[in-house]
Amino acid sequence: MHMTESETRPDISLAADLRVSPDDAPVAPDVFTVRNLNVFYGDLRAVSDVDIDVREREITALIGPSGCGKSTVLRCFNRMNDLIDIARVEGSVLYQGIDLYDPQVDPVAVRRRIGMVFQKPNPFPKSIYDNVAYGPKVAGQKGNLDEVVERSLRSAGLWEEVKDRLKSSALGMSGGQQQRLCIARAIAVNPDVLLMDEPCSALDPIATGRIEELMKEIQNEYTIVIVTHNMQQAARVSDRTAFFTAELDEGTGQRRGKLVELDDTGTIFSNPADERTEAYVTGRFG
Ligand SMILES: Nc1ncnc2c1ncn2[C@@H]1O[C@H](COP(=O)(O)OP(=O)(O)OP(=O)(O)O)[C@@H](O)[C@H]1O
Ligand SMILES: [Mg+2]
């Protein structure tokens with residue numbers, strides 16, 4: 009099945025206002041439905057039998073010890089694992105009901121809809137303006153891009169800081185500004201989803217706070233999946249949290265990433281169902 013620009017998403021904002029009590033609160037529709045996901049790097053099964061649902065316009069955090077497969081799972085959401093030669097993905101990753109791994113699906117179109125922000129800010133060695141205008145240009149948008157550049161920089165909370173130096177190099181910005189620029193660049197192509205892999209780990213606490221505020225501000229418009237090692241961050245920003253662990257497989261001696269549980273963030277941090285989650289979030293493990 010092909011993805012078309014005319015697909016619309018249901019407006020859930022009204023339904024949320026009609027909420028009567030938490031028990032019958034409407035549940036946001038799923039943007040991603042992942043079933044039986046297994047990811048291999050050559051002979052290594054890095055991620056084993058993961059089922060995960062990501063709800064629309066929520067922030068979903070992926071947490072867990074190093075090597076448990078968080079980045080690997082995140083990359084399945086926009087087919088970034090395609091770019092790794094030895095990676096192989098099995099199982100189903102449905103986005104808005106469409107199988108992202110269907111041979112008819114164009115991975116470039118997928119990445120336009122589902123943008124990504126990386127751990128280390130990676131602006132292009134171009135001007136601030138050109139960084140943001142790049143995506144729309146590549147997507148064939150003609151004419152004056154001033155408006156989309158301003159709108160994207162505003163959304164990323166960066167406009168006031170850079171409006172007088174749009175033509176200067178992005179490489180002259182601070183790390184926090186560069187990361188917000190990367191978010192502006194991702195937003196400029198009007199995606200549905202933002203995937204963020206430890207977006208604050210190279211930033212100081214003030215820059216981190218700005219990114220967290222920004223995430224909360226834009227979550228009405230975007231579905232966000234964030235990988236973070238910072239549990240306070242997961243607790244502060246996310247609606248739901250998925251805890252992963254790496255389990256030793258007796259047969260092969262390999263460590264495999266597994267999803268332990270996915271629940272409301274409050275539940276994961278205060279009353280998780282699984283004792284491994286509890287040990288991790290209370291700092292007794294990992
Ligand atoms: N490109 C790759 N080639 C080979 N193995 C890989 C590759 N990327 C990840 N792996 C392996 O897959 C497993 C999961 O890695 P992944 O990077 O997804 O973990 P992670 O949870 O994101 O860890 P971290 O918290 O350290 O970022 C690890 O055993 C890792 O060594
Ligand atoms: Mg990682």
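Counting from 1 along the sequence shown, just add 8 to a position and that's the residue number in this note's numbering.
The C-beta atom is built at its ideal place from N, Cα and C for all residues, glycine as well.
Quantities reported herein were computed from a predicted structural model and do not represent experimental measurements.
Pick helix, strand or coil for lysine 78, following the three-state DSSP scheme.
DSSP places lysine 78 in helix when its eight states are reduced to three.
From tyrosine 230 to aspartate 107, what distance separates their C-alpha atoms?
C-alpha of tyrosine 230 to C-alpha of aspartate 107: approximately 20 Å in a straight line.
Might you give, ordered along the chain, the residues of its own chain that have their beta carbon closer than 6 Å to the beta carbon of phenylalanine 132, omitting 5 neighbours on each side?
Asn139
Spell out a yes or no on whether the segment 141 to 148 and the segment 176 to 190 are touching, meaning 3 or more CB-CB pairs, one atom from each, closer than 8 Å.
no
In whole angstroms, what is the alpha-carbon distance linking serine 100 and aspartate 59?
9 Å
How about the segment 247 to 264 and the segment 201 to 218: do they share at least three Cβ pairs that are nearer than 8 Å?
no
Which of the three DSSP states, helix, strand or coil, is assigned to methionine 204?
strand
Does the distance from the CB of valine 39 to the CB of glutamine 112 come in under 8 Å?
No, the pair does not count as a contact, with Cβ atoms beyond the cut-off.
With ligand 4 as the reference, list in chain order each residue whose Cβ lies under 5 Å from any of its heavy atoms.
Ligands displayed in this structure: ligand 1 and ligand 2; ligand 4 is not among them.
So is lysine 302 buried or exposed if we call it buried at 16+ other beta carbons inside 10 Å?
The question about residue 302 has no answer here: the residues shown for the chain are numbered 9 through 294.
Terminal residues of the continuous beta strand (DSSP E) containing serine 163?
Here serine 163 belongs to no beta strand (DSSP E); instead the alpha helix (DSSP H) covers 154 to 163.
Could you check where the alpha helix (DSSP H) with isoleucine 136 kicks off and where it finishes?
136 to 146
Going by DSSP, what residue range makes up the alpha helix (DSSP H) through methionine 239?
239 to 245
Leucine 203, buried or exposed, once every other Cβ within 10 Å from all chains shown has been counted against 16:
buried
beta-carbon valine 235 near ligand 2 non-hydrogen atom, thresh 7 Å:
With a cutoff of 7 Å, valine 235 counts as near ligand 2, since its C-beta is closer than that to a heavy atom of the ligand.
Is there contact between the segment 75 to 82 and the segment 51 to 65, where contact requires at least three CB pairs shorter than 8 Å?
yes
Under a three-way DSSP split, which group does serine 278 fall into?
Per DSSP, reduced to three states, the secondary structure at serine 278 is helical.
So for aspartate 107, helix, strand or coil by DSSP?
strand
Residues in its own chain within less than 7 Å of lysine 128 by CB, not counting five upstream and five downstream?
Ala210
Identify whether glycine 183 lies in helix, strand or coil by the three-state DSSP scheme.
helix
Could you tell me whether any non-hydrogen atom of ligand 2 is closer than 7 Å to the CB of aspartate 59?
Aspartate 59 has its Cβ no nearer than 7 Å to any heavy atom of ligand 2.
Below 8 Å on the Cβ atoms is my guess for aspartate 205 versus phenylalanine 85; work out the distance and round it to an integer in Å.
No, aspartate 205 and phenylalanine 85 are not in contact; Cβ-Cβ is about 11 Å, not under 8 Å.
Between which two residues does the alpha helix (DSSP H) holding isoleucine 226 run?
Counting along the chain, the alpha helix (DSSP H) containing isoleucine 226 begins and ends at 213 to 226.
Candidates Asn198, Val233 and Arg284: closest to alanine 117 by CA position:
Asn198
Whose C-alpha, out of Glu64, Cys76 and Tyr49, is nearest the C-alpha of histidine 237?
Here the closest residue by C-alpha is Cys76.
Using only the alpha-carbon positions, how far apart do isoleucine 195 and glutamate 258 sit?
44 Å
What's the C-alpha gap between asparagine 130 and glycine 291?
32 Å
Measuring straight from C-alpha to C-alpha, what distance separates alanine 164 and threonine 260?
46 Å
Under 7 Å Cβ to Cβ from glutamate 158, same chain only, skipping five residues before and after it: list those, please.
Trp167
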